[in-house]
Amino acid sequence: MKKRKIAVLGSTGSIGESTLKVLKKNRSSFIIELLTANNNYKKLIKQAKIFKPKNVLIRNELHYEKVKKSLKNSNIKIYSGNISICNIIVGKLDYTMSAIVGFAGLQPTLDAIKISKIVAIANKESIICAWELLYKQMKKYKTKILPVDSEHFSIMELTKDMNDDEVEEIIITASGGPFLNMPLNKLKNVKPKQAIDHPNWKMGKKISIDSANLMNKVFEIIEAYKIFKFNKKKYRIV
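Heads up: the sequence shown runs through residues 1 to 238, numbered per full-length UniProt numbering.
Below, the structure written as structure tokens:
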């Protein structure tokens, strides 16, 4: 079976690490073309030594020499700065996981659409702020976009080939965060450290805070509005 080519953008973050765990169990099926990170060069070096990608990109140029020195005995090509991934990858990727946190993930995601058959997007900001740009590129380059969030992936699968009049209601649920059973009068005294201690999921700090105060559910609703064409009144949060 032909191996599929994949890139992981933001490989040192929580979603990037989860992606690599899956790839580790299926090493014979994939060729890792690229791993990228912004500042976490130590973890990027560790990942590069384990997974042996063809290329690594450390965005912060201050860490370039450290990465280069650590990987000098490998065949891995090292890049740094704001170079487009289009200038790194040769040919077409089968998959790109876009897991860069924040608006910094927009341009790399747009670039990934140009050179990938499928782009899995975990970057909420790109979908919320620039879905129209992503959609335009997706149509132009005939790239399929997959939402990574379990909520949106589920909606996509459950409503496949369904029209708006065939869907009565779409309910997005919360799994129960660290403050689920806390009395309201005690919420004003909670600390950030408590908010990032999610009882069910191991996530990055930002998304843990957003989950604890339910802002993440608001983002998920906005994402659903953008990705799917169902009537907005059909969505509900529980």
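Every residue gets a Cβ at the ideal spot worked out from N, C-alpha and C, and that includes glycine.
Cα-Cα separation between residue i and residue j, rounded to whole angstroms
i	j	result
GLY102	GLY13	12 Å
VAL218	THR96	26 Å
LYS142	ASN75	32 Å
GLY91	ILE118	14 Å
ASP197	SER208	8 Å
ILE227	LYS69	43 Å
GLU65	ASN181	49 Å
LYS202	ILE15	10 Å
ALA122	THR109	10 Å
LYS42	GLU61	14 Å
VAL167	LEU184	35 Å
LYS229	HIS63	43 Å
GLU151	TYR135	20 Å
MET215	LYS72	44 Å
ILE83	ILE115	15 Å
LYS206	ALA99	13 Å
MET162	ILE155	11 Å
ASP149	ASN189	30 Å
ILE45	ASP164	47 Å
CYS86	LEU23	23 Å
ASN213	PRO192	11 Å
GLU157	GLU132	22 Å
Range of the contiguous beta strand (DSSP E) that encloses residue i
i	result
PRO147	144-147
GLU17	Not the beta strand (DSSP E): GLU17 falls in the alpha helix (DSSP H), residues 14-25.
Neighbourhood of residue i by C-beta, 6 Å cutoff - its chain only, sequence neighbours within 5 removed
i	result
SER211	GLY177
TYR225	LYS232
LEU35	VAL8, SER11, GLN47, PRO53, VAL56
ALA130	LEU106
LYS49	none
Proximity to residue i [Cα-Cα], best of the options
i	options	result
ALA120	ILE237, VAL238, LEU9, TYR41	LEU9
residue 276	MET182, LYS191, ILE237	Because the chain spans 1 through 238 in this model, residue 276 falls outside it and cannot be assessed.
ILE222	LYS160, LYS124, GLN194	LYS124
MET138	LEU44, PHE230, ALA112	ALA112
LYS2	LYS43, TYR235, SER29	SER29
GLY204	LYS5, ARG4, ILE6, SER18	SER18
ARG27	HIS152, PHE51, GLY105, LEU187	PHE51
GLU220	ILE127, TRP201, LYS42	ILE127
ARG59	LYS191, ASN40, GLY81	GLY81
ASN40	VAL190, LYS24, VAL67	VAL67
ALA174	ALA37, ASN200, ASP161	ASN200
ALA37	ILE78, ILE31, LYS25	ILE78
Beta-bridge pairing of residue i - partner residues as DSSP gives them
i	result
SER29	Answer is none; SER29 lacks a bridge partner.
ARG4	PHE30
LYS77	ASN55
VAL119	THR96, ILE145
ALA37	ILE58
TYR235	ILE170
LEU9	THR36, SER98
Terminal residues of the alpha helix (DSSP H) in which residue i lies
i	result
ALA212	205-212
ILE222	215-227
ILE155	150-158
ALA195	192-195
VAL90	Looking at the DSSP string, VAL90 is not in any alpha helix (DSSP H), and its letter there is neither H nor E.
SER70	64-70
Own chain partners of residue i with C-beta closer than 7 Å, once the 5 adjacent residues on each side are dropped
i	result
GLN194	PRO178
LEU20	VAL8, SER11, GLN47, PHE51
GLU33	LYS5, ILE6, ALA7, PRO53, LYS54, ASN55, ILE89, LEU93
GLU169	LYS234, ARG236
Sequence-distant residues of the same chain with beta carbon closer than 8 Å to residue i, five excluded per side
i	result
PHE153	LEU146, PRO147
LEU187	PHE179
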